[in-house]
Every structure is written in C-alpha cells, then in structure tokens.
Amino acid sequence: MMHSNSLDNASTQSLLTVINGILDESIERKKGEIPHRVVYLLRKVVQEIERRLCIQAEHIRNQNTIIKTREEKYLSKIKALQVLVNGTNEENQMTVNLLQVVKEEKSQIEERQKLSEQNVVRLIKEKENAENMIASLKEEMEVMNRLHKQQLDQFEIKTKQMEEKLATKVKEFELHVLRSNMKIEEVETTYQQKSQLWNKKENIFHNYMNSQQLYVKGLNISSRSIKSDMYAFQMKWRDEMSNLGSNLKCLVDAADNYHKVLAENQKLFNEVQELRGNIRVYCRVRPFLPGQDKQSTTIDYIGESGELLISNPLKQGKDGQRMFKFNKVFSSFASQADVFSDTQPLIRSVLDGFNVCIFAYGQTGSGKTYTMSGPSTSKKDWGVNYRALNDLFDISLNRRNIFSYEVGVQMVEIYNEQVRDLLSNKVAQKRLGIWSTSQPNGLVLPDASLYPVKSTSDVLDLMEIGLANRAVGATALNERSSRSHSILTVHVRGVDVKTGSISRGCLHLVDLAGSERVERSEATGDRLKEAQHINKSLSALGDVIFALAQKNAHVPYRNSKLTQVLQSSLGGQAKTLMFVQINPDVESYSETISTLKFAERVSGVELGAARSNKDGKDIKELLEQIACIK
C-alpha cells in the first residue's frame, strides 16, 4: 500500500477500510502514539481520495457538457422535424418516434447525471467524514499525549517519594540495628551479673537447707513430746466437755420449760382477755427511713411479753425513760407475715359468727396503711387486709362440706366528717346514712355498695379501686398522707349444711388517718381543714375510749362519724384489736408518747365477752314468718 501504483489500483472502499484499520490500531496502542510511517500512509490515502474526488468531479463536468451539446443538437433536430411535420404524416410519425427516442435518451442521461451527482455527494460526505475522523484522531492524540505527560510526571513524583521513604527506612533500620546491638550487649552483661548472683543464692540456699534439716530433726523430737502432752490434754478436755454437756442440757431443759410456761401464760392471758372482752393492743415500730440517723432512736428495749421502753432524748437516766405494756410489740425488723401470725386466730373467729374489728392508730407517716394494706399487691408485701381475706377464703374452702359461706365486701372512707363509698362508680355520691344498731344482716351502712366476692383476687381488684378513690395528700411529714379514715368491712354469712343454722360474722378493717400536729405538718388551706376534721374525729374516738374505760353510763358515740360507724365494734360484744404505730426517730418523741398513752388507755377497756351471731333453725323459720307478716 505504500507504493503509489497500489494506491491507484485500490478501490475507494478498500482505502476507507485501511483508514479505519489504522485508527483502530492507534487506539489500541497503550501510549496512543502513531508512527511516522502510519502518518505518511494516512496522508497518501487522503491524497488519493482527494485525487479521485477531483477526477470524478471533472468527469461529471465533462458528462454535463456532452449532455448539453447533445441536448442542443436534439433540439435543433426537433425544430427541423417540427418544420417537416407539417409536410407529411410519415415524417410526423418519424419525428414523433425520434422525439420519443430523444426523450428516452434524455431520461437516461438525466438518470446518469443524478447518479453522478449522488456519487459526488457521497464522495463529498466520505471526504468530510474522513476529515472529521482525522481531526478527532488528532484531538485524541493530543489528549493522549497530555495524559501520558501527566502520568509520567506523577510517576516521577511517586518515584522521588518512594526513594525518600526508602532512604528514611534505611536510616531507621540502621538505627534499629545499632540499638539492637546495644541491647544485646546490655543483655549479655545483665545475664553475666544474674548468673553470678544466682550462683551466690544457690550456695546460700544449700547452706539454708542444711540448717533447716537440722531444725526439722529438732522439730520431730519436739512434736513427739507435744503429741504426748496433747493426748493427755485431750483426755482432760473430753472429761470437762462431758461435764459441760450435762450442765448445758440442764440449762436447755430449763429454757424449754420457760418458753412453755411463757406460752401457757400468754394463752391464759389471752383467754382472760377473751372472757373480759379487753381490746387487744399490738404495737409496731416503723423502720427508719433512708437518710434518717439510726443511732438517734427513742426505743430502748422491746420485751417478748409486750414490754416497750421509751427514752426521752432530752433527759438522761431513769427520769427520761418510760415503760409501756401491751399484748405484743413488733420491732422494726418484723415482717408482714410475723404481724399477721398473731392476728390470725382473731380473724378466723369471723367464720364462727363473731364480729371482729381491727384498726390502726398512729401519727402521720408511722406505717398504718403499710400494716393494713401493704406497700404493693405482691404476696410477700400483703398487709393485714389481704392476708385476712385470703385466710378466710382458705378456711371456707376447707369447710365447704360442713358450711356454705357467702362473703361480701364494703369499703368506705370518712373524709371531712362525710361518709363516702369508695367502691361506687357514680360521680355524684349521695350521703350515706349510719344505723346506730346494725340490721339483722349485720349492715351498719346499708346504702354503701356491697359486692359479693368469691376469691382473694376479687377482693384485690375491689381494694385497688377503693385505694385509688381514697383521699390522699402531701404534707411535710408524709408525701402521700391518708387524709381520711378508710374502713373495709367484710360480711360473712355461713349456713350449716346439716342443721341449716345461720351464722353472721363481720370484720371491720380500719385504717385511720394520721394524727398530726398542725405546726409540724405545715398544713394550710384544704390540708388544714382536713387535719382539723381528722384530729376532731380522733379526739372523739379518744373520748369514747375514755368513757368505756371509766365505764360511764353515757358514751359519746355521736360526736363523730367514725365512732358511729365503729359503735358496734367498740360498744358491742365484738373482738377488737388495735395496731398502734409509732415512729422511732427522736423528732417524733412527743407524738410517740401521746400515741402510746392512748393505746395504754385502750388496752384497759373491757367490752365484755364476745358473742357469736348464730340463729338456729327455729329462729330462722320465725324470722321468715315475721318477714311474711310484714
């Protein structure tokens, strides 16, 4: 292809193919460079294409000239023929035929001319394409050259950087080798020193072992003598221990007899109180709250028989001490189960038809609600209320073959001398009336909601509703102080399966609002009004207790709604228990003494022997007849 003859003989299509091949080869080259021979060949090919285009254009111009001359010749002939046409028909016919031939030749010539023009246009386009391709190739070559230069520059920069890094690493390695050599020398010197030291220690150890062997021999001799002495001492110690065991057994027997006598005395005391109808008083000491000084306490001594010794922090010696005596005193470490275990026999008598009243008394924040209800509904923290009802349901289940029991629950509060139903779902509550004497069904508050319950869970649900509706408020002594007296009443109706006799028992579980001094509680506004009503009702309760203790003919039950509700428990033949709650901290000393004096007065009240509320079969029939007559 490099020779001009070969380019002359090659077709235009082959020349274009050669150009495309050269371009493809140049693109595939890595550096994008085109050899001088290829450039020279490209120039030759382009010149050949230009030469052919010029020849083709010249040929087209010649063809156009020939066509024009022929057209002029034919036009002259047509004019001559038109003159002859007028002469004869044959000449006309010949002229027409000749004209037809001329037209056909003209059309052929025009078609050839169009083809020639199309070829010219195609060649021009091919030339333009070739020129465009050459321009783009030149641009690509320039771009590739620039990129190649940039890559070379970057490569040179990286090479310099690598050389610098290599030089620094070589220096570091040389420094590291130097340091390693120095460390090796140090280790060798240290090893030599330690080796000498260990040799010295080995000699010392051998000398020490020799001395120890001599010492062990002496110890063996001493050990034999000590063993003989120990054997003699052991025999003597065994004799003394046997004597001590016999003496200790005597003491244990005496202690067992003491506890038996103490339990019998307690049982007899309870029986005497049962016959006399005394109000049982249990005292419970609240634990110290977080942040309080546990060393500053007013509690000096708690006895097993109910003794409680209180000391005045402002007085020293016996003058500052005072002893109180109750049925039972629970320390701050007593659990909820311990408190209930002594209360359980009293509560079980409800199923036998007795009326029982349990109430908690004490200053604000002394733990009354904790004892009666507990801090939560978990079984471990259950208070007297939950445990009492759970015990009642367990016993009634065990007696189901003998008695059929029906249990109903009422829960009310006395707030600002108004009796409110805590289990009512009505927004506007009506005032509840109090009967001075209970109805035949045992109801003192007949208008209060009475819900039948079948299990402890039913009672828990009702008590949650009641506690949520109860009036509470924050004071300086207690963040969540009960601002009302809460009374949970459990009515139990039992029917003997065989005889049909009916027993009715009633259990009042009372959580009194806290007694407080207005100046200490810092009560104002509604809280002051609540405190005044609370103190008034508690004062009325104290007047009733005092009148009962003095056995006065007139007992002022009507001075307060609280004493009216509790009249059947305080003045009737009921079994009554009071939990007196006290704070052990020194700041509450005066309230503690006042509370304990009140409890001491309560313990002296004799209500008379409790009687069971049982109706025989005949009485039941008579009551039914009376009801029919009415």
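All residue numbers for the sequence shown refer to the UniProt record's numbering, where the first residue is 1 and numbers rise by one.
Every residue, glycine too, gets a C-beta built ideally from N, C-alpha and C.
Since the structure is predicted, the reported quantities are computational estimates derived from the model, not experimental observations.
What's the gap between the Cα of G306 and the Cα of R280? One C-alpha to the other measures close to 11 Å.
Where does H59 land, buried or exposed, given buried means 16+ other C-beta within 10 angstroms? Per the 10 Å Cβ criterion, exposed.
Using a Cβ-Cβ distance cut-off of 7 Å, determine whether S76 contacts chain B. Considering every chain present, this structure includes no chain B. It has just one protein chain.
Going by other Cβ atoms of all chains shown within 10 Å of its Cβ, with 16 needed for buried, is I226 buried or exposed? I226 is exposed by the Cβ-count criterion.
Using the DSSP secondary-structure output, state which residues sit across from K498 in a beta bridge. As DSSP reads the structure, K498 sits in no beta bridge.
Let me know the secondary structure DSSP gives P452 once reduced to three states. Of the three classes helix, strand and coil, the one that applies to P452 here is strand, per DSSP.
Give a yes or no on whether the C-beta atoms belonging to N385 and T456 are separated by under 7 Å. Contact flag unset, no.
So who's on the other strand from M372, going by DSSP bridges? Per DSSP, none; premise fails for M372.
If you measure between the beta carbons of L460 and I395, is that distance less than 7 Å? Cβ distance not < 7 Å, so L460 and I395 don't count as in contact.
Nearest-angstrom Cα separation, counted from L346 out to F403: The C-alpha of F403 lies about 19 Å from the C-alpha of L346.
What would DSSP say about A360, mapped onto helix, strand or coil? Here A360 sits in strand by DSSP.
Counting along the chain, where does the beta strand (DSSP E) carrying Y557 start and finish? That residue, Y557, is in no beta strand (DSSP E); it is neither H nor E in DSSP.
Under DSSP, the alpha helix (DSSP H) around F340 begins and ends at which residues? For F340, the enclosing alpha helix (DSSP H) begins and ends at Q336 to R348.
Specify whether the region 587 to 597 and the region 352 to 369 touch according to this definition: at least 3 beta carbon pairs, one from each stretch, less than 8 Å apart. Contact between the region 587 to 597 and the region 352 to 369 is present, with at least three C-beta pairs closer than 8 Å.
Start and end residues, alpha helix (DSSP H) containing I395: Unbroken alpha helix (DSSP H) run through I395: V384 to N398.
With distances taken Cα to Cα, identify the nearest neighbour of G514 among G505, A531 and L607. Closest option to G514, Cα to Cα, is A531.
When DSSP builds the beta bridges, which residues end up paired with R280? Note: R280 sits in a beta bridge opposite L577.
Let's test the definition: count the other Cβ atoms within 10 Å of the Cβ of S568 and tell me whether it reaches 16, buried, or not, exposed. Counting C-beta atoms within 10 angstroms of its own C-beta, S568 has 16 or more neighbours from the protein chains shown and is therefore classed as buried.
Can you tell me whether DSSP reads D153 as helix, strand or coil? Of the three classes helix, strand and coil, the one that applies to D153 here is helix, per DSSP.
Since V602 is in the alpha helix (DSSP H), which residue starts that stretch and which ends it? Per DSSP, the unbroken alpha helix (DSSP H) holding V602 starts and ends at Y589 to S603.
According to DSSP, is K630 helix, strand or coil? Legend: pLDDT at K630 = 48, less than 50; position of this residue unreliable, value from coordinates given subsequently. Looking at K630 - three-state DSSP - the assignment turns out to be coil, as it is neither helix nor strand.
Who are the Cβ neighbours of S332 in its own chain at under 6 Å, not counting the five residues just before and after it? Closer than 6 Å at Cβ, skipping near neighbours: V285 and P287.
I need the DSSP call for V444, collapsed to helix, strand or coil. If DSSP states are grouped into helix, strand and coil, V444 belongs with coil.
As assigned by DSSP and simplified to three states, the class of N327: Correct three-state label for N327: coil.
Alpha carbon to alpha carbon, what distance is there between N312 and L445? Using only the alpha carbons, I get a separation of about 44 Å.
Are there three or more Cβ pairs, one per stretch, closer than 8 Å when the region 412 to 419 is compared with the region 364 to 374? Short answer: they don't touch.
Rounded C-beta distance between A130 and I19? I'm assuming under 8 Å. Going by Cβ atoms, the distance from A130 to I19 rounds to 7 Å, so yes, they are a contact pair.
Span of the beta strand (DSSP E) around S404: Per DSSP, S404 belongs to the beta strand (DSSP E) from F403 to Y415.
Please report the straight-line C-alpha distance between L314 and Y301, rounded to a whole angstrom. The alpha-carbon atoms of L314 and Y301 are separated by roughly 18 Å.
Please state if the CB of A574 and the CB of C357 are separated by a distance shorter than 7 Å. Between C357 and A574, the C-beta spacing is below 7 Å.
N336 and D381 look like a contact to me (Cβ under 8 Å); what is the Cβ gap, rounded to whole Å? First, the amino acid is wrong: residue 336 is Gln here, not Asn. In this structure Q336 is in contact with D381, their Cβ atoms being roughly 6 Å apart against a cut-off of 8 Å.
How many Å lie between Y191 and L175 at the Cα? Rounded to whole angstroms, the separation of the alpha carbons of L175 and Y191 is 24 Å.
CA-to-CA distance, V555 to V580, given in whole angstroms: Roughly 22 Å separates the two Cα atoms.
Please list the terminal residues of the continuous beta strand (DSSP E) segment that includes S311. Note, S311: beta strand (DSSP E), E307 to S311.
Pair within 7 Å by beta-carbon distance, I414 and S501: 7 Å or more divides the Cβ of I414 from the Cβ of S501.
What is the C-beta distance between V544 and L512, in whole angstroms, given that I count them as a contact (C-beta under 8 Å)? Not really, about 13 Å apart at Cβ, beyond 8 Å.
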